[in-house]
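Reviewing the structure listed below.
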């Protein structure tokens, strides 16, 4: 309405170039809507995630490629958490007037490299001039066989609780940033280049192993709470069993609090019947049992000395003190 | 990552309450993704549109209900322009820390009233704290029979060009605002409460009448350019034939420039073969022939005296001078 046209043409032509990589996308950018084919016998998955400057990233901390990679990762991770396949991505991007074109180019490089890796065409979106800061909203459309989506609501008492990979790597990098350090991307891969666990999610769905699943974007304590809420169950987690990421130059294990509460790991948290044999690795990703689902509605943490305490969500609070 | 939790629960419960109104939405908000059924024999339509404070609306000009209504209208209008049916909407909403809860409630009232009118459940989205200003991104998922979407690229030389409703009402309200006036919503309905032309789009698709279609969000001159670009054709428009909105207390016709270049009307612009009989009204909306598609790649405006001039996009430029 009041916006002036951006130098959008370069952006649009880049998006169009990638749109051709999928037979699912019948019409991509350049029309009022994208037209996308969902496979017969499948239903659609839809997820949207903001990546806002100053909220989800900082330009002085994160390279444009990292911001683009993380932006798409957030959406793909949600598709993974349903056991789904990504079909197409849509990017809404608002940029301030004086943002250098190279920032946008490098952001798109990071986003499109991850898109290519997962064979997801970027099929549309919106662009606008932002009044302040860079604002991205990623939409990922996915598909899953009808009735096959792994929901948060399926956990049953007695199920065992598992996570993929290691936890706390995302928060540990933030710890370093807030301490005034410059963590190196190669020493904190889960913060800078989280890889969505699409293949693990697919395996769990195809083998009917998981009864409930969520991706760890807000932190174990918060996201476990979501599964317990939606499934109306409780849980107990063995603190010692939680796999801690190894980070930094000496590959030291992160603090337990980062593994228990830190967000942005984009690993999967799932439950499975105790009768099922869950492999210790799926698609090369280690799978670790960390606890079990209980009948009461308490969520408890069991320490080494068998002491039990309430395992409360501290995912957001963890960062609040440092960010305000 | 650095965000603190919003008072999201009220918002989420409102969204959940509306999610139940559709059998298409299998799982709405409260999981990693929404699970949505696309009808058998149909393909999915996806559109995303920003509504940014200071860019697409101003809090001192637009009530929260109007902002919510216009936000969803933008997405539904894109679905209409493909001849599609809306299936579900997704709202990403970032709000500044000190925004009153009543603003959000009233915004949702406006958005959900329109959603209800079009039987579109709000099935998910994202929320965040905005560093500055209100940021909304609306995603609408729609469906259309396979191969039935009306694209921008189908116009052929000799086709006739039509618009729905009247044009320029959106821009006329902006003229008033920029002149320091307070245009009344009931006197400028197309600005404050644009109604997406879903029923017209459906009729045109079902009767195979339209060869190309677009919604008028950027203004006739700009959007006609998009059809000509995508269809690789030219066009001539009869200035006198363009239906001008009647606005204000005396219901005066808007200036020709507002009808030719003004954005935000959310009417449909379409082309149809000269052999087809296009009704003068579809779903109670007047349909007006305004020109024809030509073989050369010129877009021309023909005035009353038969003088021809290049009909160049001025949709954005029209507002640029006043907004910077």
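Residue numbers (my numbering), protein chains in the order written: chain Y, 1 to 324; chain D, 325 to 648. For every residue, glycine included, the Cβ atom is placed at its ideal position computed from N, Cα and C. The structure presented is a predicted model; accordingly, all values stated were derived computationally and were not measured.
Checking contacts by CB at 8 Å: is residue i closer than that to chain D?
| i | result |
| --- | --- |
| residue 2(Y) | Low confidence applies here, because residue 2(Y) scores a pLDDT of 45, under 50, leaving its location unreliable; read the following figure in that light. It does; some Cβ of chain D falls within 8 Å. |
| residue 32(Y) | yes |
| residue 6(Y) | Annotation note: pLDDT 49 at residue 6(Y) (below 50); position unreliable, no value reported. |
| residue 203(Y) | no |
| residue 26(Y) | yes |
| residue 293(Y) | no |
| residue 81(Y) | yes |
| residue 149(Y) | yes |
| residue 84(Y) | yes |
Could you tell me which residues DSSP pairs with residue i in its beta bridges?
| i | result |
| --- | --- |
| residue 187(Y) | Paired residue(s): none; residue 187(Y) is not in a bridge. |
| residue 409(D) | 467(D) |
| residue 561(D) | 615(D) and 625(D) |
| residue 126(Y) | 92(Y) |
| residue 230(Y) | In DSSP, residue 230(Y) forms no bridge with anything. |
| residue 632(D) | 626(D) |
| residue 350(D) | Note: residue 350(D) sits in no beta bridge, so no partner. |
| residue 246(Y) | 253(Y) |
| residue 281(Y) | 286(Y) |
| residue 269(Y) | 163(Y) and 214(Y) |
| residue 519(D) | For residue 519(D), which the question treats as bridged, DSSP gives no partner whatsoever. |
| residue 200(Y) | Bridge partners of residue 200(Y): none, in fact. |
| residue 358(D) | 46(Y) |
Would residue i pass as a contact of residue j if the rule is Cβ separation under 8 Å?
| i | j | result |
| --- | --- | --- |
| residue 244(Y) | residue 168(Y) | yes |
| residue 224(Y) | residue 269(Y) | yes |
| residue 386(D) | residue 438(D) | no |
| residue 372(D) | residue 92(Y) | yes |
| residue 212(Y) | residue 271(Y) | yes |
| residue 36(Y) | residue 111(Y) | no |
| residue 419(D) | residue 453(D) | yes |
| residue 328(Y) | residue 83(Y) | Chain Y is shown only over 1 to 324; residue 328(Y) falls outside these bounds and no answer can be derived. |
| residue 296(Y) | residue 219(Y) | no |
| residue 282(Y) | residue 195(Y) | no |
| residue 179(Y) | residue 191(Y) | no |
| residue 376(D) | residue 457(D) | yes |
| residue 40(Y) | residue 358(D) | no |
| residue 152(Y) | residue 29(Y) | no |
Please list, in chain order, the chain D residues whose beta carbon lies closer than 8 Å to that of residue i.
| i | result |
| --- | --- |
| residue 245(Y) | Going along chain D, no residue has its Cβ under 8 Å from residue 245(Y), so there is no contact; the nearest lies around 16 Å. |
| residue 36(Y) | 367, 368, 369 and 370 |
Quick one: list the residues of chain D neighbouring residue i, beta-carbon separation under 7 Å, in chain order.
| i | result |
| --- | --- |
| residue 108(Y) | Under the 7 Å cutoff, chain D gives no residues; its nearest Cβ is about 17 Å from residue 108(Y). |
Who are the neighbours of residue i on chain Y, taking C-beta pairs under 9 Å?
| i | result |
| --- | --- |
| residue 416(D) | 48, 49, 50, 92, 137 and 139 |
| residue 582(D) | Near residue 582(D) there are no residues of chain Y at all, since even the closest Cβ is about 13 Å away, more than 9 Å. |
In chain Y, what lies closer than 8 Å to residue i by C-beta?
| i | result |
| --- | --- |
| residue 476(D) | 30, 31 and 32 |
When the cut-off is 8 Å and only beta carbons count, does residue i lie next to chain Y?
| i | result |
| --- | --- |
| residue 369(D) | yes |
| residue 642(D) | Unreliable positioning characterises residue 642(D) in this predicted model, as indicated by a pLDDT of 39, which lies under 50. The coordinate reading is nonetheless provided below. No, its Cβ sits nowhere closer than 8 Å to a Cβ of chain Y. |
| residue 556(D) | no |
| residue 539(D) | yes |
| residue 457(D) | yes |
| residue 402(D) | yes |
| residue 482(D) | no |
| residue 392(D) | no |
| residue 586(D) | no |
| residue 448(D) | yes |
| residue 543(D) | no |
| residue 513(D) | no |
I want to verify the contact list: residues of chain D whose CB lies under 9 Å from the CB of residue i, in sequence order.
| i | result |
| --- | --- |
| residue 176(Y) | Near residue 176(Y) there are no residues of chain D at all, since even the closest Cβ is about 14 Å away, more than 9 Å. |
Which chain Y residues are close to residue i, counting only those with a beta carbon under 7 Å from its beta carbon?
| i | result |
| --- | --- |
| residue 452(D) | 50, 52 and 55 |
| residue 466(D) | 33 |
For residue i, decide whether its Cβ has a neighbour in chain B, counting only Cβ atoms nearer than 8 Å.
| i | result |
| --- | --- |
| residue 115(Y) | In the structure shown, chain B cannot be found, because the protein chains are Y and D. |
> Taking only runs of the beta strand (DSSP E) that begin and end inside the stretch 459-504 of chain D, which ones reach a length of at least 3 residues, in chain order?
Replying inline: Segments of the beta strand (DSSP E) lying fully in the stretch 459-504 of chain D: 459-469 and 484-488.
> At what residue ranges does the stretch 40-123 of chain Y contain a whole run of the alpha helix (DSSP H), taking only runs of 4 or more?
Replying inline: Here the runs fully enclosed are 64-80 and 101-117.
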